[in-house]
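Some notes on the structure that comes next.
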Amino acid sequence: TLASGPGDPTERLDRVVDAYWAYLRKPSFMQFYRLLLAELNQFPELMRFYSEEVAGRINELVAGIIREGTEAGTFRDEPPEMVARMLIGLLIQHAVWAGSRELFPHLGGRSDEDLVNEIKDFLFDALLARETSAPGGSR
Numbered sequence: 002t003l004a005s006g007p008g009d010p011t012e013r014l015d016r017v018v019d020a021y022w023a024y025l026r027k028p029s030f031m032q033f034y035r036l037l038l039a040e041l042n043q044f045p046e047l048m049r050f051y052s053e054e055v056a057g058r059i060n061e062l063v064a065g066i067i068r069e070g071t072e073a074g075t076f077r078d079e080p081p082e083m084v085a086r087m088l089i090g091l092l093i094q095h096a097v098w099a100g101s102r103e104l105f106p107h108l109g110g111r112s113d114e115d116l117v118n119e120i121k122d123f124l125f126d127a128l129l130a131r132e133t134s135a136p137g138g139s140r
């Protein structure tokens, strides 16, 4: 899998962010997300399932990589679950904005690739221990 494949925690987190971004930018995600926001609260069992099996899993995956990176001294010592939650929220919100670019001119014409790279720059600038370099050496 992306999370347990080759590479250090920084490289694996970079791959997970790219893969999750690609999923979020599929047209089917926007349809699902609208339905989720509009209807899920009316179905408590379905909401519980989504919370545990969908949202919970991506958060656990990201938190696990962050925990490993923290233990290795690659990432700053921040609560892994909090970092995961912040990252997932940032990705989802940018995907929603990018799905309706005409309504969100503050994206400034940035491509999907530009957006995800900006998010990763922000993430790694905040998360990496100061003596560690980011994937690709660009951050």
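In our numbering, each residue's number is its place in the sequence shown (first place is 1) plus 1. Quick reminder that beta carbons are idealized off the backbone N, C-alpha and C, glycines included.
Under three-state DSSP, which class holds F44?
Coil.
Taking 9 Å as the threshold (C-beta atoms), are A85 and V63 in contact?
yes
I need the DSSP call for F125, collapsed to helix, strand or coil.
helix
Looking at the secondary structure, which residues open and close the alpha helix (DSSP H) in which T71 lies?
G57 to E72
Taking a contact to mean a Cβ-Cβ separation below 9 Å, would you say L92 touches L25 in this structure?
yes
Between which two residues does the alpha helix (DSSP H) carrying L25 extend?
P10 to L25
Name the one or two DSSP bridge partners that F76 has.
L129
Checking 9 Å against the spacing of the C-beta atoms, do G70 and L128 come in under that value?
yes
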